[in-house]
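Visitor:
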Amino acid sequence: MMLSYIILSMESGIIFDIKKYSIHDGPGIRTTVFLKGCPMSCWWCHNPESHLISREKLYFFSRCIGCKECLAACPENAIHDSEIGLCTDPEKCLRCGSCTEVCLAEACEMAGRELTVNQVMAEIEKDTAFYDESFGGVTFSGGEPLAQPDFLFALLKACGDRQIHTALDTSGFSSWNVLDRIRHHVDVFLFDLKLMDDEKHRMVTGVSNQPILKNLLALSSADHRIHIRLPVIPGITDDDDNVSAIGVFATELPSMPQIDLLPYHRFAAAKYERLGRAYRLQNTRPPTEDSMTRLADLLRSFGLTVNAEG
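Okay, so the sequence shown: first residue is 383 according to our numbering, each after it adds one.
Printed below as a string of structure tokens:
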């Protein structure tokens with residue numbers, strides 16, 4: 383299988399958020415840097431604005447005051463008025479951001495900005511006191527950070543040079559060459575493992591799980607610290623067969639990982655509307671507390687250490 387990525391300059395890349403004081407993206411208090419771009423299309427993705435490496439426009443219908451300044455500002459005439467409000471033609475839109483500059487109501491926003499390694503590190507270094515006190519650090523997330531391998535490598539190396547603890551939140555869908563290059567600069571891998579059945583994995587993510595499983599095995603064989611993260615999506619990943627299969631796979635790894643259960647939530651539903659996309663799991667509800675407890679107990683029956691706090 384060919385895995386292709388858009389290669390940007392090592393000195394700069396596209397991010398869509400930097401979250402401070404995170405406590406769910408690795409040990410201690412952390413700064414999470416979200417990189418744009420992902421080769422997968424998971425039905426439940428809570429960061430749909432991360433799918434493309436290029437910038438994307440978000441439109442908040444509820445904020446729009448109907449001034450129509452954006453229509454005049456758009457150089458490609460990509461915005462038009464309709465019965466449901468202002469709409470953007472994705473074929474014409476250059477994602478230049480001209481509409482956001484004139485929108486006084488902030489109904490238009492651009493997701494994604496190009497930053498240099500030095501600019502990102504300047505933000506990271508503002509929080510070093512919190513890292514030192516809590517044994518925290520920096521987590522690179524996305525999207526899929528491996529979709530910008532040169533930029534990620536430069537950021538990880540810069541953190542290492544400053545002795546800042548690093549975590550990589552990844553789907554694991556990558557060529558081994560990419561992972562092999564960066565793995566020595568990662569202190570802990572937060573490695574998603576969604577489904578063991580390859581056919582179902584292809585259906586709900588758009589890709590095979592075979593490169594993911596091979597990469598996880600290779601990282602474990604190299605004795606890296608790994609947390610397997612299982613997103614608990616009702617009706618998709620939470621059946622006993624899938625969870626048991628993950629338990630068996632985890633126990634057979636050379637170095638046994640911790641399993642983190644991540645309960646599905648609906649916080650991202652509004653983002654899909656802002657991007658003009660359909661949300662596949664409109665009728666899916668978060669897992670119950672009893673369901674989370676049951677799955678945690680099932681995995682613990684394999685002798686695994688399980689965190690089910692989300």
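Backbone N, C-alpha and C fix where the C-beta goes; we use that ideal spot for every residue, glycine too.
Please read all numbers here as calculations on a predicted model, not as lab measurements.
Look up N429 in the DSSP assignment and say whether it is helix, strand or coil.
Guide: For the purposes of this step, residue 429 is identified with residue 47 of the sequence shown, where counting begins at 1. Reduced to three states, the DSSP call for N429 is coil.
Visitor: Could you have a look at M383 and say whether DSSP puts it in helix, strand or coil?
Guide: Indexing the sequence shown from 1 puts residue 383 at position 1. Below a pLDDT of 50, predicted positions are generally treated as unreliable, and M383, at 36, falls in that range; the measurement from the model is reported next regardless. If DSSP states are grouped into helix, strand and coil, M383 belongs with coil.
Visitor: Please give me, in chain order, every unbroken run of the alpha helix (DSSP H) with length at least 4 that falls completely inside the segment 532-588.
Guide: Taking only runs of at least 4 residues, the alpha helix (DSSP H) segments lying wholly in the segment 532-588 are 558-564 and 580-587.
Visitor: Measuring CB atoms only, is the segment 510-517 touching the segment 410-428, in the sense that at least three cross pairs come out at less than 8 angstroms?
Guide: Taking 8 angstroms as the limit for Cβ pairs, the verdict is that the segment 410-428 does touch the segment 510-517.
Visitor: Start and end of the beta strand (DSSP E) containing S404?
Guide: For the purposes of this step, residue 404 is taken as the residue at position 22 of the sequence shown. Per DSSP, S404 belongs to the beta strand (DSSP E) from S394 to S404.
Visitor: Can you tell me whether DSSP reads L672 as helix, strand or coil?
Guide: Indexing the sequence shown from 1 puts residue 672 at position 290. The question names Leu, but residue 672 in the sequence shown is Asp. If DSSP states are grouped into helix, strand and coil, D672 belongs with the helices.
Visitor: What does the Cβ neighbour count give for E526, buried or exposed, with the cut at 16 atoms within 10 Å?
Guide: Counting from one through the sequence shown, the residue named residue 526 turns up at place 144. So E526 counts as buried.
Visitor: Grouping DSSP H, G and I as helix and E and B as strand, with all else coil, what is M492?
Guide: As a position in the sequence shown, residue 492 is number 110, starting the count at 1. Note: M492 maps to strand in three-state DSSP.
Visitor: Would you tell me roughly how many angstroms separate the C-alpha atoms of C490 and G395, rounded to the nearest one?
Guide: Walking along the sequence shown from the start, residue 490 turns up at place 108. Walking along the sequence shown from the start, residue 395 turns up at place 13. Approximately 22 angstroms, taken between the alpha carbons.
Visitor: Three-state secondary structure (DSSP) at C481?
Guide: Translated into positions along the sequence shown, residue 481 becomes position 99. Helix.
Visitor: Excluding five sequence neighbours on each side, which residues of the same chain lie with their C-beta closer than 6 angstroms to the C-beta of I435?
Guide: Within the sequence shown, numbered from 1, the residue matching residue 435 stands at position 53. The residues are I388, I396, K418 and G419.
Visitor: Only counting the same chain, and skipping five residues up and downstream in sequence, which positions put a Cβ closer than 6 angstroms to that of A690?
Guide: One-based indexing of the sequence shown puts residue 690 at position 308. Answer for A690: L643, M674 and A678, listed in chain order.
Visitor: Whole beta strand (DSSP E) runs in the segment 584-634 with 3 or more residues, listed along the chain?
Guide: Fully enclosed beta strand (DSSP E) runs of 3 or longer: 608-614.
Visitor: If distances are taken between C-alpha atoms only, which option among Q640, I400 and T687 comes closest to G494?
Guide: As a first step, residue 494 must be located in the sequence shown, where it is residue number 112. Considering only alpha carbons, the answer is I400.
Visitor: Thinking C-alpha only, which one of S404, H428 and G408 is nearest P613?
Guide: Against the sequence shown, residue 613 aligns to sequence position 231. It is H428.
Visitor: Enumerate in chain order the residues of its own chain whose CB-to-CB distance from C481 is below 7 angstroms, with the five nearest sequence positions on each side excluded.
Guide: Your numbering for residue 481 matches position 99 in the sequence shown. Cβ neighbours of C481 beyond the five flanking positions: C452, A455, C456, I461 and C490.
Visitor: Can you tell me whether DSSP reads C469 as helix, strand or coil?
Guide: Here residue 469 corresponds to residue number 87 of the sequence shown, with the count starting at 1. Of the three classes helix, strand and coil, the one that applies to C469 here is strand, per DSSP.
Visitor: What number of angstroms, rounded off, separates the C-alpha of F649 from the C-alpha of L601?
Guide: As a first step, residue 649 is located in the sequence shown; it is residue number 267 there, counting from the start. As a first step, residue 601 is located in the sequence shown; it is residue number 219 there, counting from the start. Spanning the two alpha carbons is a distance of roughly 32 angstroms.
Visitor: Check K439 in the structure and name its three-state DSSP category.
Guide: Here residue 439 refers to the residue found at position 57 of the sequence shown. Three-state result, K439: strand.
Visitor: At the level of alpha carbons, what is the spacing between M422 and G629?
Guide: Position 40 of the sequence shown, counted from the first residue, corresponds to residue 422. Position 247 of the sequence shown, counted from the first residue, corresponds to residue 629. The alpha-carbon atoms of M422 and G629 are separated by roughly 23 angstroms.
Visitor: Take the Cβ of M383 as the centre, count every other Cβ of all protein chains shown within 10 Å, and call the residue buried at 16 or more, exposed below.
Guide: Position 1 of the sequence shown holds residue 383. For M383, the predicted structure reports a pLDDT of 36, less than 50, and the residue's modelled location is therefore unreliable. The matter cannot be settled from this model.
Visitor: Between the segment 619-627 and the segment 650-661, are three or more C-beta pairs nearer than 8 angstroms?
Guide: Short answer: they don't touch.
Visitor: Which partner residues does L415 have in the DSSP bridge list?
Guide: The residue labelled residue 415 in the question sits at position 33 within the sequence shown. A small fix is needed here, since residue 415 is Val in this sequence, not Leu. DSSP, once it has assigned bridges, lists I400 and F522 as partnering V415.
Visitor: What does a CB cutoff of less than 8 angstroms around P668 pick up in its chain, not counting 5 residues either side in sequence?
Guide: Here residue 668 corresponds to residue number 286 of the sequence shown, with the count starting at 1. Closer than 8 angstroms at the Cβ level, and outside the excluded window around P668, lie P616, P645, Y646, H647 and R648.
Visitor: Tell me, to the nearest whole angstrom, how far the beta carbon of F533 is from that of T552; I am working on the premise that it is less than 8 angstroms.
Guide: Position 151 of the sequence shown, counted from the first residue, corresponds to residue 533. Position 170 of the sequence shown, counted from the first residue, corresponds to residue 552. Not really, about 14 angstroms apart at Cβ, beyond 8 angstroms.
Visitor: In three-state terms, what does DSSP make of I461?
Guide: If you number the sequence shown from 1, residue 461 lands on position 79. Strand.
Visitor: Where does F443 land, buried or exposed, given buried means 16+ other C-beta within 10 angstroms?
Guide: Your numbering for residue 443 matches position 61 in the sequence shown. The residue is exposed, with fewer than 16 neighbouring Cβ atoms inside 10 Å.
Visitor: Can you give me the C-alpha to C-alpha distance between L550 and G524, rounded to a whole angstrom?
Guide: Here residue 550 refers to the residue found at position 168 when the sequence shown is read from its first residue. Here residue 524 refers to the residue found at position 142 when the sequence shown is read from its first residue. Each residue's alpha carbon lies about 10 angstroms from the other.
Visitor: Which word fits Y403, buried or exposed, when buried means at least 16 other C-beta atoms lie within 10 angstroms of its C-beta?
Guide: Taking the sequence shown and counting its residues from 1, the one referred to as residue 403 is at position 21. Label assigned to Y403: exposed.
Visitor: Does DSSP put T510 in a helix, a strand or coil?
Guide: Indexing the sequence shown from 1 puts residue 510 at position 128. Helix at T510.
Visitor: Would you give the residue range spanned by the alpha helix (DSSP H) that L657 belongs to?
Guide: Locating residue 657 in the sequence shown gives position 275, where the first residue counts as 1. A651 to L657 is the span of the alpha helix (DSSP H), which, as asked, contains L657.
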